[in-house]
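Only one structure is covered here, and it is reproduced in the block below.
Protein chains: 2
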Amino acid sequence: MTPTPEIPGPTDDFRFRVHATDGAARTGAITMPRGTIRTPAFMPVGTAATVKAMYPEQVRALGADVVLGNTYHLMLRPGAERMARLGGLHRFMRWDGPILTDSGGFQVMSLSSLRKLDEQGVTFQSHIDGTRHHMSPERSIEIQGLLGSDIQMQLDECVRLPAEPKAIESAMHLSLRWAERCRAAFGEQPGKALFGIVQGGDVPALRVESAKALVGLDLKGYAIGGLAVGEPQAVMLAMIEAVEPHLPAGKPRYLMGVGTPDDLMRSVARGIDMFDCVMPTRAGRHGLAYTRHGRVNLRNARHAEDTSTLDETSTCPAARDYSRAYLHHLVRSDEILGMMLLTWNNLAYYQDLMAGLRGAIAAGRLADFCDETRAGWARAEGART
Amino acid sequence: MTPTPEIPGPTDDFRFRVHATDGAARTGAITMPRGTIRTPAFMPVGTAATVKAMYPEQVRALGADVVLGNTYHLMLRPGAERMARLGGLHRFMRWDGPILTDSGGFQVMSLSSLRKLDEQGVTFQSHIDGTRHHMSPERSIEIQGLLGSDIQMQLDECVRLPAEPKAIESAMHLSLRWAERCRAAFGEQPGKALFGIVQGGDVPALRVESAKALVGLDLKGYAIGGLAVGEPQAVMLAMIEAVEPHLPAGKPRYLMGVGTPDDLMRSVARGIDMFDCVMPTRAGRHGLAYTRHGRVNLRNARHAEDTSTLDETSTCPAARDYSRAYLHHLVRSDEILGMMLLTWNNLAYYQDLMAGLRGAIAAGRLADFCDETRAGWARAEGART
């Protein structure tokens, strides 16, 4: 059994070290001036400069090393230039660890109206107040810099699946040209990183072409984008398998917007190092709890007189100390405390899962760990997790 | 300067001791098996078995010795018999200190529909699901017992002001008859208390008649009800002044549903020992902060780039650590964290105010303390507190 290495401290430059592998899976650490990200890592989503319904100290205490900020939301409110005047996103939201920001492109597509996309970039109207904005690759990098982001993402065009191969190819090529422009705009920033995003929809050959071209840009990390947008899990996993051999072993790999606990385990087994997803926080606001025993819908009447807790063995007070009957009552009553407790529980479960995966990879027993975890889910109320 | 006495520990029976007085104001302690309530006390409102947007540990840590539960809400959801099966309200909401419950009467009047009131009690329809319920004085005491309440309130009829003296008198007399029935239903419960409620609207003679008759029932505490329902503050204070000489010095006095920080100070100076009010929690969910410098509306655009905190000298992290610019952003974005932080700040301010009042009474400098506190408010953005 391989001993788990010491957690390395922050470094002046952005670095990634793999400490152990188990099949395609790896565990290691990304280090940078603001701290260390233990990988595989799950990044809680702090859309509008807050991981919803959580104090920042709680997020940190659960073991999150990095949070994600959404460039689209933050550029509209409070605004990128205002954020810079206020001292940047870290100070604003009281998170002193690393922050990753997306490019804003995905949410321009999904949330704003009157989108007009061309070679130059994308013009859109704010979903908040209808104001008109333009986002180019250069402006996306400028905004992420104003926010003070540690890991910045290239602007890309993300195609909804299913889509015609021609449309997927065209978007992938545009994303590559934008990656080059983002790289030029980002320049050299010691201690920070720009990640490229592999596109190509559900077409393996396009995914491979995208990965190879991005690797030619010698970026500090590579994301896989445009997945978890409604396609079957098998398609998502096939795309990871197609891309992974073409990504350098010494750079972190980030699967964007994924996913369920099962998605995380299967993706880690295929070589992914980083994830973000709104699932644990959003589900927590809708009465759903992730537990060792599977997913639990607290809205269900079966919990009305259940004095058991979500998980008496958890170190998270939300899982350990509150009865399901009480959580059921809070959810049915639309009480804020219900959202607070279930979000807390869910993020604790996700972070514990990642810690378990890191330990299992270090110990060379990832497959057993995943089997045991899935067997635990089967003991729940029958809900698939 | 009188030294502040030690805080007494819990006692088998319900007891009240005054440790010091300053004019009509008193400071002391109510002791009972579940703990000690330092008076004057502010009781955070935990309507539906939760002080909204707060973990119970936070409420306790701010210095709250007792919380209030709303019988009307809890009898409808989760239900009184169900609560008893679940082990009572303390265990349900994870609050092991004293709990005071109202009788349910006030919210039957203000929230339910199809109310029909007669000598026997009140019939009404739930505002949640339209189910029909009956509440008699006996049933109110039974429900409060099923909840496990430590301090229970008599059922009363509360008249909206302004009202005709005849209507006020009739409601006051009905409330007295119900007080007797509640007393009989409550019986002898060592360690617990039943409080009577002085009614009589804005008519001093009716208030005095009500107080005298209730004192004749030899209850363990006396509340003043039916105030803070829209009348001017001067009327409320005049009613306290009319009633106070007729209440026994050795029993706690509770002013129901009050109030602003200024209301609390002026009522304490007139001999009130206990308060409850939704103001700090409700205001916190609507972007309003109570501070040493007065009331601050965080929604106001003037705070958009204000990096100062609400109160850098506070021991409450919500007041001390987060910039007004960030709070403004959270409030404008309808983020749950904004409600969490402002509720926390407001309850901290209220509890700090009560601690200040207790210390000032013990030191015989209540008037100076109130003058200094009001002078502090004048430094705020001009908002009256």
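The listed protein sequences derive, respectively, from chains A and B.
First residue of the first sequence: 6, per the numbering used here; consecutive thereafter.
First residue of the second sequence: 6, per the numbering used here; consecutive thereafter.
Note that CB positions come from ideal geometry on N, CA and C, so glycine has one too.
Here H298(A) carries a coil assignment [DSSP, helix/strand/coil]. Here the alpha carbons of T44(B) and G364(B) stand approximately 10 angstroms from one another.
If you check the CB distance, K57(A) and R290(A) come in under 8 angstroms.
In the three-state reduction of the DSSP assignment, L91(B) falls in the coil class, being assigned neither a helical nor a strand state. In this structure, DSSP gives S115(B) a helical state, which the three-state scheme calls helix. Under DSSP, D281(B) shares a beta bridge with M48(B). Within the region 104–117 of chain A, no residue has its Cβ closer than 9 angstroms to any Cβ of chain B.
Taken in chain order, the complete alpha helix (DSSP H) segments of 4 or more residues contained in the region 27–79 of chain A are 61–66. Within a 10 Å sphere around the beta-carbon of R271(B) sit 16 or more other beta-carbons, which makes this residue buried.
Among the residues of chain B, those whose CB is under 7 angstroms from the CB of S338(A) are A53 and R82, following chain order. Within chain A, the residues whose beta carbon sits less than 8 angstroms from that of T312(B) are L91 and G92, listed in sequence order.
Boundaries of the beta strand (DSSP E) around Q157(B): I156 to M158.
Within chain A, the C-beta atoms nearer than 7 angstroms to that of D326(B) come from R99, in chain order. For T312(B), the secondary structure class from DSSP, reduced to helix, strand or coil, is coil.
Within chain B, not a single residue places a beta-carbon under 9 angstroms from that of M48(A); the smallest gap is close to 18 angstroms. Under the three-state reduction of DSSP output, G235(B) falls in the coil class, being neither helix nor strand. Counting only runs of 4+ residues, the alpha helix (DSSP H) found wholly inside the region 118–165 of chain A occupies 142–152, in chain order. The region 175–236 of chain B is shown to contain whole alpha helix (DSSP H) runs of 4 or more residues at 209–220, in chain order. The criterion of a C-beta distance shorter than 8 angstroms is satisfied by H132(A) and S117(A). Residue environment: R165(A) is assigned as exposed (fewer than 16 neighbouring CB atoms within 10 Å of its CB, all protein chains considered). In the DSSP annotation of this structure, the continuous segment of the alpha helix (DSSP H) that includes Y354(A) starts and ends at I341 to A367.
Under the criterion of beta carbons closer than 8 angstroms, D207(A) and M244(A) qualify as touching, at roughly 7 angstroms. At a beta-carbon threshold of 8 angstroms, the residues of chain A lying near K57(B) are E340, I341 and L342, ordered along the chain. Taking 8 angstroms as the threshold, the shortest C-beta distance from H132(A) to chain B does not fall below it. The continuous beta strand (DSSP E) containing R258(A) extends over residues R258 to L260. Around the beta-carbon of T136(A), fewer than 16 other beta-carbon atoms lie within 10 Å, marking it exposed.
For L335(A), the uninterrupted alpha helix (DSSP H) segment begins and ends at R329 to R337. Sequence-distant Cβ neighbours of L315(A) in its own chain, meaning closer than 6 angstroms and more than five residues away, are A294, T296, A324 and N350. Residue environment: P257(A) is assigned as buried (16 or more neighbouring CB atoms within 10 Å of its CB, all protein chains considered). Spanning the alpha carbons of N302(B) and F280(B) requires a straight line of approximately 24 angstroms. When Cβ-Cβ separations below 8 angstroms define contact, R304(B) makes no contact with chain A. As the crow flies, the alpha-carbon of G343(B) is around 5 angstroms from that of V336(B). DSSP places L269(A) in no beta strand (DSSP E) but in the uninterrupted alpha helix (DSSP H) bounded by P266 to V273. Contact annotation for H334(B) against chain A: A53, A54, R82, P83 and F97 [CB-CB distance below 8 angstroms, chain order]. If you look at L303(A), you'll find it isn't in any alpha helix (DSSP H); DSSP assigns it neither H nor E. Annotation: Y354(B) has no Cβ neighbours in chain A at a cutoff of 8 angstroms; minimum Cβ distance is about 18 angstroms.
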